[in-house]
Structure formats: C-alpha cells, structure tokens
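Input: a single structure, listed below in structure tokens.
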Amino acid sequence: MKKLDLVDLHTQLLNWTYSLYLNKFRSHALIANLGYFGSPDPTLEIQKGTGTKEVTPDFIATDKKEIVQILDIKGFDGMIEWSNDDDITLKIEEEFQKISEYKNITSASTKSYFSKHGIHLDSNTLELIVVMEFGLYSRYFDAINKAAKKHGVIVWSIDITQKRLRKHAGHHLDKKLDSIFDPDVVLSIYPWFQPLVLFTRQTNMHLKIFYFTSNLISALVQDSKSTIRFEEIDKIMIDSDPPKFAHLIPEDRSREWKALLYEAIKHAKILKPSDIGPDIYELENAAILENPYSQHKLLDDLAKELRIVK
Amino acid sequence: MLIAPSKLIESEDQSFKGQCYYYTLLSSRNLQPSQVLTEICSKLFQDLKKVRFQEEGDVSIAIMENKYYFIIQKIDSTLNLLIYYNLTSESIKQLLENTIVKIKWLSFGWMSPQELDHFEGYSDDFDVINLYTSFNPYYLQKKFAKIQPELQSRYQERWYKPRAIEVNIRIPKIDAHEFLKRYFPKKITETVKLKFKAKFSNPGEASIVVDQDAKVIHERGELKATDKIVSDVIQKTQSRISEYLKYSTSREYTKLDDGSFDLSDYSPSRPFYYSFKLPDGDMDEFSVKLENLLTVSRKNIPMYGIRLSRKGRDFSCLSYLPVDRSELQISYIEDSGTPRLIVDPLKTTPLGILMLTRTLSERMTWSTEFCGFYEEA
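Residue numbers (this note's numbering), protein chains in the order written: chain A, 1160 to 1469; chain B, 2 to 378.
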C-alpha cells in the first residue's frame, strides 16, 4: 500500500494521534472511550507580560472535566544531518523549551475553544505531550528523556511500521489513561491509510499546493468553467474529501486559501487574476477544459515542479 | 419510484405513435428534475422562451413548440430517467446526446455486455434480432498482423487509438450465436466484445433496442411493452450503484457556530481491486496501455491523472474523474501472474466507480472483473 506517499510525516503522525480521540465506542478509539475529545490545529492564547500572544499547537484534547492536553508533533527537521551530539542535545533542549511555553496557555482561551465544541470545563489543568516518530526517539532517547523530565513534558512515540503507540516519559494525570500504555497501544483506525485530515497548518507546503490546485482543476473541469471567484474556493475545498481545513474557522481558512492561491498564481502558473473584476481568477490556459490531454499535462508538470513525482 | 414511462407519454399525447428514447442519466449532484432539465435545455436551445416547462412532483416536462417532448423523472438521488420523443420527422436526438456528454457532472448509465445478454431473453428463439458487436483491433493487430520488428514502433501509437471492427447482422435469435461461432475465431468472440445491441419483438408487440449506454429506444409498437425493458434497465443500474455504495468514502461533519467543522463520524473507503484475464502473455504492453488509460487523458475517456512511480511493470498513479470529482490512487501489481489494479480512493462515489469500471471494461481489451475489497496481505 503506497497511499502515504502523498501524506507527509507530520500529517501522518497527527492522523494517528487524532484516530485515538475520534469515534467513541469504537474499539480502536482508546482515548475517546475514556471520555476524551480532541481536535487538531487549535488557536489559543498565552499570557505574555500584560498582553496575550496567539499560539497554534498541533492538537488539543480534554477529558471533558478538568484535564486539557496540548499535543505537539515534533519531527526535529534536519537532525539526521548533524553529527555533533552536543548540537543535538542543544536542539532537543531548545524544542522542549518552546513546548514548555504552552504551560502559559490561558484557561480563558481553552475554555472558550472547547465551549464552541459544546464542552464546558469547570477547571483547567494543562498536560503537555510531545508526539514523535519512534525511529527518531530511539535514536536520541537519552537527550529526549532528559529534556522531557526537565520541562515536565510527556513523550509519546508512534511506530509507523509496527503501528504501535508508546509512552516514554512522564505520567498522565489520568490514571486510566496511563494504564492503556501497558502494553503498547496498537493503532488501527487508519487501516486503509485514509487520512482523517489532509491539510494541517504544518503539512508540507508542496503537498498542499498540489492538492489545492488539483482540486480546483477538477472543480473547474466538472463545471466547464474557466473563471473562479475567490469565495467559491472555500466551498470547493470543503466539498472535497477529506474536507480541507474544515477544522479551522472561516477567517483562518480564507487566509490559507489566499496563501495557496498566491502559489497557484505565482509559482505553479495555473491561474491568473481576471480582467472581469476583483477577486475573480481565470485559468492561464483555458484549453484544459476543451483538450483533455492538457489536464494530464498540467498536473504532471505541477507534480514535477513540486517534486512530488520524479 | 418509477412511474410507468408509457403513462407519462400517454398523458401528454393520447395518439402517440413513433420513436421514443429513454436515457438513464446518472448525476453526481442531487438536483430536482426541473434543474437538470433546465441545464440541458439551456445548452440545447439558445432561446429558452420557446420552451414550455411543466412540473409535477418528481417529474418535469419540457415541451418545445409542441413538437419535442423531454420528460425527466427523478428515480433516486443519483438516477434520473430522461424520455425524449418528437412528433415531427425532424430529430434533435443527436444534438441532445452531444449536449448531455458536455455536462460533466451528468453521465449515461452503463449496461455491461453480460447485462445486455439478459435482454435477449425477451425475444423468442425465432424472432429476428439485430446483433451489433464490435471488436477492438488492438488485439487483432497484435495477434495477426505480421509487422516487422523495425516497424513496430511506428505502428505502436496507432494501436492505442480506440477503433473497432463492427459486425451488424439481422438474424433469427436461434442462429445468432451459431453464426458468430462459425465465422469468427473463438478467441475473438469470447474475449473482445465491446458493444452489443439487440432488437426485441417481445414483450407485447414492440420493437426495442437497448445499448451499452443504458439507452432504450422504443421503435414501434405498444409503449407498455417497453416499460418492462426500461424498468429492467433502471433496476440493473440501481443495483450496480448500491453495490458500489459500500466502497465510497463517508465522513460526517457537524458545523459549529463559528463556521468550523467537527469530524463526527468517519468510515474510510477501503481499497477495492480489479483483476484481468489475459489470453496471451504480453504483460509489458498491457501495463503500459493501462497506465496510459489511467493518466493521459484523451477525448471520450472520462478521466485524467499522473503517474507517481513505475518499477518494471508495477506502477502507481493518481487519477481524477471529473464526473464526481473522484480522486483515486491506483496501483498495478501482479499476483502470481494475474494483473491486478488496486484502487484506493481518497474521494469517490458509486458514480465514479461505475465510470472507472466501464472505462476499464470497454478500453482494456481483455476481460475485466470488479473484485471488491482488497485485503492487505
């Protein structure tokens, strides 16, 4: 099965994590069955001086009573190239330092986030979890365990080949949650490699541009339309499967579409602003609607340009 | 619910005598019949003022200058039955068919050769039937043409063009298969049938044609006799669609007050696969032809895509079907010598699977079998 070729590591790890928190009463949704609820890409606030600053961790979850979990997925990009052990220790320490900033997330922002999802929390105890790929953990476990202990962060690892979730450092406030890790958690909601979410804030930009553009193209081809209004894009992306960025609020989605549309205009050269009016875009090459071969050519060129295929 | 098509026509015109066309139309948009009809008519006629629209529940009627009638009956969320007939000799049938092809979210239904064979049962052994069968010359050239090796590459590209050798005979049903058996090599008649049309004189007194587009033509005779054939075609299409339903994706979202969505339920589509029976062993060409079909788009093929990787004969590609905006990741493997195509949909609907199955069956010369869920080894 080669589905994951088109899903990057960060998005994969997030999907495996999400699967544990989704669909209560299903045997594989272990954490959801303990009463937890989770959601990707929250926007929260931390206390900074007298004001607040926006932060965007990868995942947020709650037991619906008092525990709020903040999960962050760490790939430690580029670490493999470093040979110096001191550098690695330093880098790991730095990343954990960044995560420990989430301890200052205001309870007002988490409460208001969950209340939108119909969950009203009485109190608010934060728990920080770092999720990483098992291969990476087993390579640098000394430094990771040390940093985790220092900053009071729990470490989970996901073994993609063996489909296992393991806990390595720290203890959960919830004893029942702690006990599911003995023995390892077997992951299985993702059995046919179908992503629950395809677009996250941290998803590889090239993949996002590719999916975004190919979805736009297929919508335009289906409608035999060579122009598109900016406000139509949101509907097209929400109608696709899985809905792109459906978990974000419309303003955030709109910002993402703008960035991706910019790429589609500037770099992929698929669309251009139309003369008809503002916020209307038209195909660079309207022939794709008439000449089926150009649909293939356009996507093929784009995929090569983005290095999705060789 | 299907209202007997003959009733619809009789209520319009008591003295109807003439040809009548029944099209099963599959739509990826769940629209009211009047919306589908307006879409077709606006593309068909420049001036919609001449068209008179009428509507009754699930049935919508368009009358053009009291000469042509279009009746659309909504059968379910995907399936519509379009009835066309005209009272003058002037026919816009071809125009209508071309228009429907241009509307990308709409497609004709499909009767597989096996399903078409079923309709032969309606005619008696001694009824004269029309047999229309076409063969794919790709196979014939490959098999029988003696092309020198140095010229092979020049002919190569011609083989990929869809062309057909057609046999059209009028013959008593009892002799039909004997005739094919006698005059054509067994290999051809058993393996390369692309199209099949048959004409019936039963049930009742009517002459009816069914073709691979799931189109029924009532040529003459009692309209009521045709009803049975039409409802059979619809039933077969519906059962195919409901079979494919379990392979399509389904995710349920709850819209929150702030405009974001919560994923509330999720059942991913599971991969399904096709397997192919090749009479001879030229797997290399087969794999190349298959890849071209799934990626390089051509006129009349409702899909396009890109190749992701290829290693020997095995390849994987990403294909899109405009009809329902399906996104499919497809891999070709060989399992102890049998070619298999594993389809892993990111997004699909029964309509997309139907189009893919149809394209594979009609374009890939050898017998294609839809095999259902693919379990990972």
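For glycine and all other residues, C-beta sits at the position ideal for the given N, C-alpha and C.
Keep in mind that this is a model prediction, so the values were computed, not measured.
Local Cβ density within 10 Å of residue i, reported as buried at 16 or more and exposed below that
i       : result
A:K1367 : buried
B:S298  : buried
B:L246  : exposed
B:R364  : buried
B:F127  : exposed
B:Y184  : exposed
A:H1169 : buried
B:Q55   : exposed
A:A1306 : buried
B:K300  : exposed
B:S1    : Look at the range of chain B in this structure, 2 to 378, and you will see that residue 1 of chain B is not part of it.
A:Y1272 : buried
B:I175  : exposed
B:L357  : buried
A:G1210 : exposed
B:V193  : Note on B:V193: pLDDT 47, under 50, position unreliable in the model; no value is reported.
A:A1418 : exposed
B:F374  : exposed
A:N1174 : buried
B:E253  : exposed
B:L107  : buried
B:C372  : exposed
A:Q1256 : exposed
A:I1364 : The residue you asked about is not Ile; residue 1364 of chain A is Met in the sequence shown. Exposed is the call here.
A:L1179 : buried
Residue i - partner residues in DSSP beta bridges
i       : result
B:H219  : B:C21, B:I209
B:N87   : B:Y69
B:Q55   : B:I62
A:Q1206 : A:T1211
B:V129  : B:P173
B:T339  : B:D336
A:T1284 : A:I1226
B:Y274  : B:I343
A:L1465 : DSSP lists no partner for A:L1465.
B:Y254  : B:L264
A:I1478 : No statement about residue 1478 of chain A is possible, as the shown extent of chain A runs from 1160 to 1469 and does not include it.
Where residue i falls: helix, strand or coil (DSSP)
i       : result
B:L3    : coil
B:G373  : strand
B:S265  : strand
A:W1175 : helix
B:I307  : strand
B:F185  : coil
B:V344  : strand
B:Q239  : helix
A:G1197 : strand
A:A1191 : helix
B:T360  : helix
B:Q95   : helix
A:S1297 : helix
B:Y248  : coil
B:D228  : helix
B:K105  : coil
B:L279  : coil
B:T350  : coil
A:Y1272 : helix
A:I1264 : strand
B:D325  : coil
B:V289  : helix
Proximity test, residue i beta-carbon vs the ligand MG heavy atom, cut-off 7 Å
i      : result
B:S310 : Judged by which ligands are present, the structure shown has none, so any question about the ligand MG falls away.
query: Curious, which full-length beta strand (DSSP E) runs of at least 3 residues does the region 1300-1378 of chain A contain?
result: 1313-1318, 1323-1328
message: Quick test of the definition: if touching needs 3 or more C-beta pairs under 8 Å, does the region 221-237 of chain B touch the region 320-333 of chain B?
response: no
- prompt: Would you say the region 1440-1457 of chain A touches the region 58-77 of chain B, given that touching needs at least three Cβ pairs under 8 Å?
  reply: no
- prompt: At which residue ranges does the region 1393-1461 of chain A contain complete alpha helix (DSSP H) runs of 4 or more residues, listed in the order of the chain?
  reply: 1409-1425, 1446-1449
task: Mind the definition here: the region 92-101 of chain B touches the region 43-63 of chain B only if three or more C-beta pairs lie below 8 Å; say whether that holds.
output: yes
- prompt: Between the region 1251-1267 of chain A and the region 1173-1193 of chain A, do three or more beta carbon pairs fall short of 8 Å?
  reply: no
- prompt: Would the region 1420-1434 of chain A and the region 1215-1227 of chain A be scored as touching if the rule is three or more Cβ pairs under 8 Å?
  reply: no
contact_flag[the region 1374-1391 of chain A, the region 1314-1330 of chain A] where n(CB pairs < 8 Å) is 3 or more: no
message: With three or more C-beta pairs closer than 8 Å as the rule, is the region 71-86 of chain B touching the region 17-26 of chain B?
response: yes
task: Could you say if the region 115-122 of chain B and the region 1378-1394 of chain A meet the contact criterion of at least three C-beta pairs nearer than 8 Å?
output: no
task: Could you tell me whether the region 1246-1264 of chain A touches the region 1287-1307 of chain A, using the rule of 3 or more Cβ pairs below 8 Å?
output: yes
message: When you compare the region 276-292 of chain B with the region 305-316 of chain B, are there three or more beta-carbon pairs, one atom per stretch, that lie closer than 8 Å?
response: yes
query: Pairing CB atoms from the region 1315-1324 of chain A with CB atoms from the region 1290-1303 of chain A, are three or more of them under 8 Å?
result: yes
query: How do the region 333-351 of chain B and the region 270-277 of chain B stand: do at least 3 beta-carbon pairs fall below 8 Å, yes or no?
result: yes
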